[in-house]
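Student: Have a look at this one before I ask anything.
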Amino acid sequence: MIRFFQACADGLLTGALYALIGMGLALIFGVMRIVNFAHGAFLMVGMYATYVLFDTFKLNPYIGFLPAGLALFLFGWLIYLVLIRPVRDRSHFMQILMTTGIGLILTDSAQLIFKADYRQTNIDLINRSVHIGPFGANAAEVLSFAIAIAFVAGLYFFVARSLTGQALRAISQSPEVAPLMGINLTRIQGFSFALGIALAGVAGGLLLPRLYLFPGVGEDYTTKAFVMVVLGGMGSIEGAALGGLVLGLSESLTSLYAGNQWALIVDFILFLLVLSFKPSGIFGRQRA
Amino acid sequence: MRLKKVFAIAIASAALISSAWGQATTRIGVITSLTGSQAAFGEAHKNGYSIALDEINAKGGVLGKKLELDFYDDQSKPDQAVQGVSKLVDQDQVPMLLGSYSSESTKAIVPAVAQRETPLIIPTATADNVMDSKSPWIFRICAGANDYAKATIGFLKANGAPKTMAIVYENTNFGQSNMKAMTAAAKEAGINLVAVESYEAKSPDYKAVLQRVKQANPEVIYFCSYLLDATTLMRQSREVDLNPKYYTSAGTGFAAAEFPTEKGAGKNADFTFSVSQWLPSAKWAGSKEFDAEYFKRFNSHPQYHAMQAYAALKVAAQAINNAKSLDPAKIRDAIKNIDLASTSFGHVKFDSGQNQHPVLITQIQNGQYRVVFPADAAESKPIIPAPAWSKR
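Quick mapping for you: the protein sequence lines, in order, are chains A and B.
The opening residue of the first sequence carries number 1 in this note's numbering; numbering runs sequentially from there.
The opening residue of the second sequence carries number 1 in this note's numbering; numbering runs sequentially from there.
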């Protein structure tokens, strides 16, 4: 039984970071109806940004993720203006090609600049563990969990309460009518795209100490983020966050009871089940 | 039509010129992992090759010409390694190849090399299936997974004869092949396998895997891992408080120079056992000199991967000199007939392509690799059991 709860705790520690990644994708999808196939690549860029800060300025990744996230926000806005806005009203097919292309270019640029080498930050915190009763956890994972949860909650209240959040939801509910009500479509879309990318960057920075960093590191996360968004109901931000936690739990429990090699398979079985039987998501909400 | 002809002539003359230029030196093609997840081993390869190259050229090169190495970086990816064969053999027209680093990449290049009828010496790939093709063009200088498993079992039998074992392996060719070899060897020795767990090297959360192993409570764990995963496995073993009597391993990550240092697992590496194919303290003549030269150049002590690269190139140069020709078939026959009784990597002689090489067992004690088995080569006594994490 202790093993079960330990695995649940491990799953939630990872799940909170997944939630951050999934929310970014859901935000972009909700407001723009664009599936960002470059999401994992942006996460990778966030990791490298945090890594460079660590490597050159000895900045701890748990501080470095903030400037990295900010840089990704600006980068995301730029990408929106230059590459995404032109395909905003084009077919989904064009948009998929565009975001996939952006992802490939980011990954290959990273390979060009940083080579295919695997890097690690090896900070002191990663070698410490926290014990509560019979349960143990890596100190770095606990810290990134806490930060991720703070961001998830912050984003939730931002979208629910703030004026910009209301504009986001208005556009997501009706992209045709919202501009007639005086909402600047380009500015809100640019903002939400940039925010979604910044969240991926923050997640990347928080993942850095516990992952190996290499140019292809983001690939798995694009598909995982997609699974979370579907689990949570397409476009629902809080749904994607819950989807992230569910995914973390399912991976951890599958690894424990069936073996590590089954974790990804179960991810996709969940994905297919939800798509076939409950396409509105396991939590039943349609959109943000 | 005419344009095509002009093109063809231009290309043909360019090829002639470049091959004529190539005559000034002799080139051997080397495929290894200079970047990517296995870059630490690729660098060891490169260092070993460079020492061998300088020694060979100091003694007059091969066939009276200066020897050059034509490196191809496979980025630790099998498909890139295959591209390397095409680049080095078809385009650069090297008469023979050395490489690659990993078992996965090496298995991928074997058919491509055999098809091009170019001799290949494999320096480090331990998966035994790299020799499955039985192609007369493929030679391997290192010992393989079966030798690793047998040596480890021999050591365990002589040191407490444990009854239960768990195997934890990375799920590419290297890990799979070593897992199979150990499964067979353990069964033969009457050791009960209580858990056999695979993991994907690039997703570094092995805690669930280690929890499953802990539940099975084995006396011995046999890890088949590369460097980054070996580092994380030991850290997470500490986190889940996994305390077998013996941490053993199929070398590689657990035998890398970085592993017991701060760049690797640091203190968590202590008390782990590993197979080894060579150490600076090996009894073979030239070992100490190689270690000294390596330390002088690279400021670290070499592990067996560097020595295997060094030995492979020395053998290749010797074979070309013996063949007195750059004809691949003649070089192949010269490698077949090579019989070097005393090299710094021991006796080198290929039997159906495979060099018969002895395997040692080492243990990390106070951050240093010490040979603990077999008895006639041992420098230290093994420390058994590994102390529990709470007592370290």
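Where a beta carbon is used, it is the ideal one built from N, C-alpha and C, also for glycine.
Taking Cβ positions only, does B:Y369 come closer than 9 Å to chain A?
Tutor: As a position in the second sequence, residue 369 of chain B is number 369, starting the count at 1. Chain A, which has no Cβ nearer than 9 Å to the Cβ of B:Y369, makes this no.
Student: Between B:V240 and chain A, is the shortest Cβ-Cβ distance under 9 Å, so that the two count as touching?
Tutor: Numbered from its first residue, the second sequence carries residue 240 of chain B at position 240. Chain A contact via Cβ: present.
Student: Let me know the beta strand (DSSP E) ranges lying completely inside the segment 106 to 190 of chain B, each 3 residues or longer, listed in chain order.
Tutor: 120 to 122, 138 to 140 and 164 to 170
Student: Identify the continuous beta strand (DSSP E) that holds B:Q363 and give its terminal residues.
Tutor: As a position in the second sequence, residue 363 of chain B is number 363, starting the count at 1. That run of the beta strand (DSSP E) goes L360 to Q365.
Student: One question on the structure: do A:G248 and A:G15 come within less than 9 Å of each other, judged by their Cβ atoms?
Tutor: On the first sequence, residue 248 of chain A is found 248 positions in, with the first residue counted as 1. On the first sequence, residue 15 of chain A is found 15 positions in, with the first residue counted as 1. Closer than 9 Å, so yes.
Student: Can you have a look at A:T186 and say buried or exposed, based on whether 16 or more other CB atoms are within 10 angstroms of its CB?
Tutor: On the first sequence, residue 186 of chain A is found 186 positions in, with the first residue counted as 1. Looking at its Cβ environment, which holds fewer than 16 other Cβ atoms inside 10 Å, A:T186 is exposed.
Student: Closest by CA to A:R88, which one among A:E176, A:I105, A:A137 and A:S280?
Tutor: Taking the first sequence and counting its residues from 1, the one referred to as residue 88 of chain A is at position 88. Considering only alpha carbons, the answer is A:E176.
Student: Relative to the C-alpha of B:A269, which candidate in B:K46, B:V315, B:F345 and B:L228 has its C-alpha closest?
Tutor: As a working mapping, residue 269 of chain B is identified with position 269 in the second sequence. Checking every option, the nearest Cα to that of B:A269 belongs to B:L228.
Student: Provide the residue span of the alpha helix (DSSP H) that contains B:H45, from first to last.
Tutor: What you label residue 45 of chain B is simply residue 45 of the second sequence in a count that begins at 1. Going by DSSP, B:H45 is part of the alpha helix (DSSP H) stretching over A39 to A58.
Student: Taking CB distances under 9 Å as the criterion, tell me whether B:L193 reaches chain A.
Tutor: Along the second sequence, read from residue 1 onward, the residue named residue 193 of chain B stands at position 193. Not one chain A Cβ lies under 9 Å of B:L193.
Student: For the candidate residues A:F93, A:F191 and A:V52, whose alpha-carbon lies nearest to that of A:F75?
Tutor: Position 75 of the first sequence holds residue 75 of chain A. When only C-alpha atoms are compared, the closest one is A:F191.
Student: Can you tell me which of B:D90, B:I109 and B:A282 puts its alpha carbon nearest to the alpha carbon of B:I31?
Tutor: What you label residue 31 of chain B is simply residue 31 of the second sequence in a count that begins at 1. Of the listed residues, the one whose Cα sits closest to B:I31 is B:I109.
Student: Could you pull out every unbroken beta strand (DSSP E) segment of at least 3 residues lying fully inside the segment 278 to 346 of chain B, listed in chain order?
Tutor: You should have 339 to 343.
Student: Taking Cβ-Cβ distances shorter than 9 Å, what residues in chain A pair up with B:Y101?
Tutor: The residue you call residue 101 of chain B lines up with position 101 of the second sequence. Against chain A, the beta carbon of B:Y101 has no neighbour under 9 Å; the closest one sits roughly 13 Å away.
Student: Quick one: list the residues of chain B neighbouring A:K308, beta-carbon separation under 7 Å, in chain order.
Tutor: Residue numbering for chain A in the displayed model covers 1 to 288; residue 308 of chain A lies beyond these limits and cannot be assessed.
Student: Near B:I384, which residues of its chain fall below 7 Å by C-beta distance, leaving aside the five closest residues on each side in sequence?
Tutor: Here residue 384 of chain B refers to the residue found at position 384 when the second sequence is read from its first residue. Within the same chain, B:I384 has close Cβ partners N159, G160, K245 and Y246.
Student: Keeping to the same chain, check which residues put their C-beta closer than 6 Å to that of B:P260; ignore five residues upstream and five downstream.
Tutor: As a first step, residue 260 of chain B must be located in the second sequence, where it is residue number 260. Taken in chain order, the residues that qualify are A269, I364 and G367.
Student: Counting only Cβ pairs nearer than 7 Å, list the residues of chain A close to B:G202.
Tutor: One-based indexing of the second sequence puts residue 202 of chain B at position 202. One point to set straight first is that residue 202 of chain B is Lys, not Gly, in the sequence displayed. Those are Y212, listed as they occur along chain A.
Student: Could you compute how far the alpha carbon of B:G22 sits from the alpha carbon of B:N178?
Tutor: Taking the second sequence and counting its residues from 1, the one referred to as residue 22 of chain B is at position 22. Taking the second sequence and counting its residues from 1, the one referred to as residue 178 of chain B is at position 178. Caution is warranted here: a pLDDT of 48 is assigned to B:G22, below 50, making its placement in the model unreliable, and no coordinate value can be reported.
Student: Let's see if you can read the secondary structure: which residues bound the alpha helix (DSSP H) around A:D267?
Tutor: Numbered from 1 along the first sequence, position 267 holds the residue referred to as residue 267 of chain A. A263 to F277 is the span of the alpha helix (DSSP H), which, as asked, contains A:D267.
Student: Sorted by chain position, which residues of the same chain lie with C-beta nearer than 6 Å to B:W389's C-beta, five sequence neighbours on each side aside?
Tutor: The residue labelled residue 389 of chain B in the question sits at position 389 within the second sequence. Cβ neighbours of B:W389 beyond the five flanking positions: R238 and D241.
Student: What residues in its chain sit with their C-beta under 7 Å from that of A:L59, if we drop five residues either side in the sequence?
Tutor: As a working mapping, residue 59 of chain A is identified with position 59 in the first sequence. These residues qualify, in order along the chain: L53.
Student: Using three-state DSSP, classify A:T121 as helix, strand or coil.
Tutor: Looking up residue 121 of chain A in the first sequence gives position 121. Here A:T121 sits in coil by DSSP.
Student: Say whether chain A places a C-beta atom closer than 9 Å to the C-beta of B:G22.
Tutor: Along the second sequence, one-based indexing puts residue 22 of chain B at 22. In this predicted model, B:G22 has a pLDDT of only 48, less than 50, meaning its place in the structure is not dependable; the value taken from the coordinates is given anyway. No, B:G22 lies away from the interface with chain A (no Cβ there is under 9 Å from its Cβ).
Student: When the distance is taken between beta carbons, is B:I121 closer than 9 Å to B:T164?
Tutor: Taking the first residue of the second sequence as position 1, residue 164 of chain B is located at position 164. Taking the first residue of the second sequence as position 1, residue 121 of chain B is located at position 121. In this structure, B:I121 does not lie closer than 9 Å to B:T164 by Cβ.
Student: How about A:G103 and A:A38: do their beta carbons lie closer than 9 Å?
Tutor: In the first sequence, residue 103 of chain A corresponds to position 103, counting from 1. In the first sequence, residue 38 of chain A corresponds to position 38, counting from 1. The answer is yes: Cβ separation under 9 Å.
Student: I want to verify the contact list: residues of chain B whose CB lies under 8 Å from the CB of A:N60, in sequence order.
Tutor: Position 60 of the first sequence, counted from the first residue, corresponds to residue 60 of chain A. From the beta-carbon of A:N60, no residue of chain B is found nearer than 8 Å; the closest lies around 17 Å away.
Student: Using the C-alpha atoms, what's the distance from A:M44 back to A:L72?
Tutor: Residue numbering aside, residue 72 of chain A sits at position 72 when the first sequence is read from its first letter. Residue numbering aside, residue 44 of chain A sits at position 44 when the first sequence is read from its first letter. Straight-line Cα distance between these residues: approximately 11 Å.
Student: Any heavy atom of the ligand ATP closer than 8 Å to the beta-carbon of A:T107?
Tutor: Absent from the structure shown: the ligand ATP. Ligands present: none.
Student: Under 9 Å between C-beta atoms, does A:I269 make it to chain C?
Tutor: As a matter of chain content, chain C is missing from the structure shown, whose protein chains are A and B.
Student: Under 8 Å, with one C-beta from each stretch per pair, do the segment 199 to 207 of chain B and the segment 249 to 267 of chain A reach the 3-pair mark?
Tutor: yes
Student: Quick one: Cα of B:R27 to Cα of A:D117, how far?
Tutor: Residue 27 of chain B sits at position 27 when you count from the first residue of the second sequence. Residue 117 of chain A sits at position 117 when you count from the first residue of the first sequence. Looking at the two C-alpha atoms, the distance is approximately 27 Å.
Student: What first and last residue would you give for the beta strand (DSSP E) that runs through B:F223?
Tutor: On the second sequence, position 223 is the one that residue 223 of chain B refers to. Its beta strand (DSSP E) spans residues V220 to C224.
Student: In or out: B:D393 buried (at least 16 other Cβ within 10 Å) or exposed?
Tutor: The question about residue 393 of chain B has no answer here: the residues shown for chain B are numbered 1 through 392.
Student: From A:G101 to A:T107, what distance separates their C-alpha atoms?
Tutor: In the first sequence, counting from the first residue as 1, residue 101 of chain A sits at position 101. In the first sequence, counting from the first residue as 1, residue 107 of chain A sits at position 107. Using only the alpha carbons, I get a separation of about 10 Å.
Student: At which residues does the beta strand (DSSP E) containing A:H39 begin and terminate?
Tutor: As a working note, residue 39 of chain A is residue 39 in the first sequence. A:H39 -> not in any beta strand (DSSP E); alpha helix (DSSP H) instead, spanning H39 to F57.
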